[in-house]
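Inspection log for the structure reproduced underneath, given as structure tokens.
Residue numbers (the working numbering): 256 to 401.
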């Protein structure tokens with residue numbers, strides 16, 4: 256093997272590995288994970304209701320924690336930008352499916368103003384096998400105004 260080939264292999268190998276990992280299928284939630292994922296959402300919403308920033312923070316995936324850095328910043332963001340999940344009047348659970356980055360759970364919420372919303376929760380499997388909430392996307396429901 257020539258020296259230049261070795262150098263090229265060393266340079267391009269990380270890119271090849273990253274490409275293969277990017278093409279790997281997202282982690283799938285199994286049927287038994289459905290109740291676990293619903294429990295995460297219920298637990299975090301309960302923490303929001305009681306104003307327990309530390310408990311709400313404990314359900315967040317590492318990427319969320321890096322983004323907001325403290326439980327107080329996190330709960331302030333949720334209070335301001337995610338009122339329907341921070342203080343819902345009603346909650347019901349919908350479909351669990353595998354999204355582009357992993358499991359997604361539809362959660363139907365009625366917000367504090369009485370508007371209906373679809374909260375699409377995404378989850379990330381941790382190295383220890385547990386799940387954490389990695390995101391929530393709010394979509395106005397029927398009768399909701401933006």
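Note that beta-carbon positions come from the ideal geometry of N, C-alpha and C, so glycine has one too.
Model, not experiment: these values are computed from the prediction.
Straight-line Cα distance separating residue j from residue i
{"i": "residue 381", "j": "residue 335", "result": "28 Å"}
{"i": "residue 364", "j": "residue 383", "result": "31 Å"}
{"i": "residue 305", "j": "residue 288", "result": "26 Å"}
{"i": "residue 387", "j": "residue 347", "result": "20 Å"}
{"i": "residue 313", "j": "residue 370", "result": "28 Å"}
{"i": "residue 328", "j": "residue 309", "result": "11 Å"}
{"i": "residue 300", "j": "residue 353", "result": "22 Å"}
{"i": "residue 378", "j": "residue 316", "result": "8 Å"}
{"i": "residue 337", "j": "residue 358", "result": "20 Å"}
{"i": "residue 290", "j": "residue 375", "result": "16 Å"}
{"i": "residue 326", "j": "residue 296", "result": "17 Å"}
{"i": "residue 351", "j": "residue 307", "result": "27 Å"}
{"i": "residue 345", "j": "residue 391", "result": "17 Å"}
8 Å Cβ cutoff met for residue i and residue j
{"i": "residue 331", "j": "residue 367", "result": "no"}
{"i": "residue 393", "j": "residue 293", "result": "no"}
{"i": "residue 389", "j": "residue 318", "result": "yes"}
{"i": "residue 323", "j": "residue 311", "result": "no"}
For residue j and residue i, believed in contact at Cβ under 8 Å, the rounded distance
{"i": "residue 349", "j": "residue 340", "result": "Contact doesn't hold; Cβ gap of about 14 Å is too wide."}
Own chain, CB closer than 7 Å to residue i, minus 5 neighbours either side, in chain order
{"i": "residue 372", "result": "339, 364, 366, 393, 394, 395, 396, 399"}
{"i": "residue 298", "result": "314"}
is_contact[residue i, chain B] using C-beta, thresh 8 Å
{"i": "residue 335", "result": "The structure shown contains no chain B; it is built from a single protein chain."}
Cross-strand partners of residue i (DSSP beta bridge)
{"i": "residue 392", "result": "375"}
{"i": "residue 346", "result": "364"}
{"i": "residue 315", "result": "388"}
Same chain, Cβ closer than 8 Å to residue i, neighbours up to 5 away in sequence not counted
{"i": "residue 333", "result": "303, 311, 340, 341"}
{"i": "residue 320", "result": "312, 329"}
Proximity test, residue i beta-carbon vs the ligand FMN heavy atom, cut-off 7 Å
{"i": "residue 379", "result": "Summarising the ligand content, the structure contains no ligands, and the ligand FMN is consequently not present."}
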